[in-house]
Structure formats: structure tokens, C-alpha cells
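K.L.:
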Amino acid sequence: MKSRWIVNLVLLILVVAIATFLYFRPMPKEEGPKTYEISSMKLADFNKVSIEFPAKAPVVFEKIDGNWRITKPFDARADLSSVQRILSVVAATTTEKFTLGDPSQFGLDQPKLKLKLNDEEFLFGTINPVSGEQYVQYKDSVYLVQTTYSESAGIQIEEMMDKSPFKPGEKPTGFDFSRLEQWEESRLQVDLADGKWTTSVANAKLTQNEMNEWFDEYWKHMAVTSVERYTPDRRATYPSLEVKLEGGAKVHFDKMQESPEIILGRPDEGIKYHMPPDSGFTMLNPPVTLAK
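Using UniProt numbering, you'd call the opening residue of the sequence shown number 1 and step up by one each time.
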């Protein structure tokens, strides 16, 4: 009887040991497809981007004084996120890598797009009909990547322009609305100094919280829907306003249109800014109550 009890105890210990081993043993790693990086370069490595499509004027971006600009086919501030999306091809990964061999089999004998980042060239060929991905050549290798990289480089140049009405470093500290129709009589100006808003109009009333909300919502976060190039016509006369900047400089804007959308033109930058009529109207009318 005693021997049977000992056998059962030994069996129990053995079962527990096996269960413990199975529970804590390392699980084998599943082998997935090998992943290739197109390059080991970083987005910060570049200060020039050239885009060439067949039968289209080339587009060039350059990093000047730490900020990206469009330098061809015209000069304008560039939208940073647009440039970063184009540069992101250097960090692309794929499971498909081929030796170049005959470029025509990938459509690389007549590339759909030539993308040059500094001196590094990426050529975009045909789209694989099975995966929907695009062949891209870098150096002597060809990779299959998502078409988003060539699509980002192919959007309209106007969409790659910076939508902010202010240059980097330009900080508004006041507004001269005296040349707008609704403020011509009062010659309204509002200024922000030491965190407090004041107005040039005697006996006018304003509330600091309302002015701060107006400034934050309609000027710091301006609702620009689109931009386009602007060539000022000296013969045309528009209502206008000036934005006073920290340091004493001013920025002039022409109010070119009020309906069905607000359009402000900045002559020195050569850009028009399109805005919805409601937000555009409010930004030109601060919450100031004039004495009757």
C-alpha cells in the first residue's frame, strides 16, 4: 500500500515538472519574410529635392536658413509636411528586392518619375499589376514600394506651398484695420503689449478674454483652405490691412474678395490666401464695441 502511494507521488511530481517545463519553455520565433530598407539615410540628411516628371516642368525645393522653400518653377515658402512626405522614401521598407539587370522589365528605362535628394537619385518605374506597388530603383537595386511616394511628389505645386500667411519668426502684435470699409470712420487699430490688448479708438470697449480668443482662433490658427500665386496689379486698388509684428515690422494684406470666400493677398510674398467667409469675416472684425 505504501509503495503504491510512493509511485503515485513520483508520477504526480513528474507530471508537474513536465507541465512546468512546457509552460515556461521559450516559444520558437516564427520566421517572417525578409525586410529590406531602401536606404540607411535620414530625412535630416538632405537640403535639396528635385522632382522631374516627363513633360512637366521640374520642381525644386531647397532648405534655406533652416526652412524649406520652393525655388523652381517659382520662389515661395514650402509646406514642410509635403517635403517630408517626399523625403520619406529614404526610410521605405519592402519585402521585394531585385537586381537591376534589364531596366525595361521594371519600366525604368523611361522612368515615370526622377527624384533627386541632394546627389542621391531614385527612379520610379511601372506599377506591379498583382501587388499594386511601384518599382523603384536606388543605386543598383530595384524595390517594390507603395505608390504613395510618387503620388506625394506628383501633387499640384500650389498644394506644396506653405499655407501660413506669416513667415517663420513673424509674430503679430497688433492690427491696423483703418483701411477696411467697416473701420474707415473709426480708424480702428488694436495692439497687444505685455499680454494686454488696447485700442486706438477713444471710449471703445473690449474684453481681454474675447480678444485673446479672437486672436488665437482666427489669427494664430488661420483657416486657410488653399493658396495660389499673386502678382499685384498696380492699377487695382483694394481695401487693406496691416499686421504689426514683434520688432516693429509690418505685413500688408490686400482684401481682394469678400464673397463667396475671403481672399487676402500678400504682395511681398506674392501669395493669395483663400478662407471660408465666416472665419474670414471674423478675423477682420475684432470684438471691439465702439461708443455710439
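All C-beta atoms in this analysis are idealised placements derived from N, C-alpha and C, irrespective of residue type, glycine included.
Using DSSP bridges, identify the partner residues of G174.
P.N.:
D191, K244
K.L.:
Report the start-end ranges of each beta strand (DSSP E) in the region 29-81 that is 3 residues or longer and not cut off at the edges.
P.N.:
Fully enclosed beta strand (DSSP E) runs of 3 or longer: 48-52, 59-64, 67-72.
K.L.:
Which partner residues does E258 have in the DSSP bridge list?
P.N.:
None, per the DSSP bridge assignment.
K.L.:
Give me whichever residues DSSP pairs with R229 in a beta bridge.
P.N.:
I271
K.L.:
Would you tell me roughly how many angstroms separate the C-alpha atoms of K167 and T199, rounded to the nearest one?
P.N.:
26 Å
K.L.:
Hey, quick one: how far does the alpha helix (DSSP H) through F106 stretch, first residue to last?
P.N.:
F106 -> no alpha helix (DSSP H), and no H or E assigned at all.
K.L.:
State the Cα-Cα distance for the pair K97 and Q146, rounded to the nearest angstrom.
P.N.:
14 Å
K.L.:
Do you know offhand how far H252's Cα is from L245's?
P.N.:
11 Å
K.L.:
On the DSSP bridge assignment, give the partners of V145 in chain order.
P.N.:
Q134
K.L.:
How is V201 classed by DSSP in three states: helix, strand or coil?
P.N.:
coil
K.L.:
By DSSP, does V224 sit in helix, in strand, or in coil?
P.N.:
coil
K.L.:
Which class does R85 belong to by DSSP, given the choice of helix, strand or coil?
P.N.:
helix
K.L.:
Just the C-alpha distance for S40 and G247, rounded to the nearest angstrom, thanks.
P.N.:
Rounded to whole angstroms, the gap between the alpha carbons of S40 and G247 is 43 Å.
K.L.:
DSSP state of M283, grouped into three classes?
P.N.:
helix
K.L.:
Have a look at A91 and L43 and give me their C-alpha separation to the nearest angstrom.
P.N.:
8 Å
K.L.:
Please confirm whether I38 and V89 have their CB atoms less than 8 Å apart.
P.N.:
yes
K.L.:
Classify G66: buried if its beta carbon has 16 or more other beta carbons within 10 angstroms, exposed otherwise.
P.N.:
Counting Cβ neighbours within 10 Å, G66 comes out exposed, since fewer than 16 surround it.
K.L.:
Is DSSP giving E151 helix, strand or coil here?
P.N.:
helix
K.L.:
Going straight from the alpha carbon of K250 to that of G125, what length do you get?
P.N.:
Straight-line Cα distance between these residues: approximately 48 Å.
K.L.:
Identify the residues that DSSP records as bridge partners of G265: which are they?
P.N.:
D254, K272
K.L.:
Could you check what DSSP says for A215 in three-state terms: helix, strand or coil?
P.N.:
Per the sequence presented here, residue 215 reads as Phe, with Ala not at that position. Note: F215 maps to helix in three-state DSSP.
K.L.:
Quick check: what's the CA-CA separation for S279 versus L264?
P.N.:
In a straight line, the C-alpha of S279 is about 13 Å away from that of L264.
K.L.:
Using 8 Å as the Cβ pair cut-off and three pairs as the minimum, do the region 93-112 and the region 133-145 touch?
P.N.:
yes
K.L.:
Tell me which residues share the same chain as V60 and place their Cβ nearer than 6 Å to its Cβ, disregarding the 5 neighbours each side in the sequence.
P.N.:
S50, T71, K72
K.L.:
Per DSSP, what kind of secondary structure is E181 in: helix, strand or coil?
P.N.:
helix
K.L.:
Are the beta-carbon atoms of K112 and S152 separated by less than 8 Å?
P.N.:
no
K.L.:
Measuring only the C-alpha atoms, how far is R77 from N47?
P.N.:
In this model, R77 and N47 are separated by some 14 Å (Cα to Cα).
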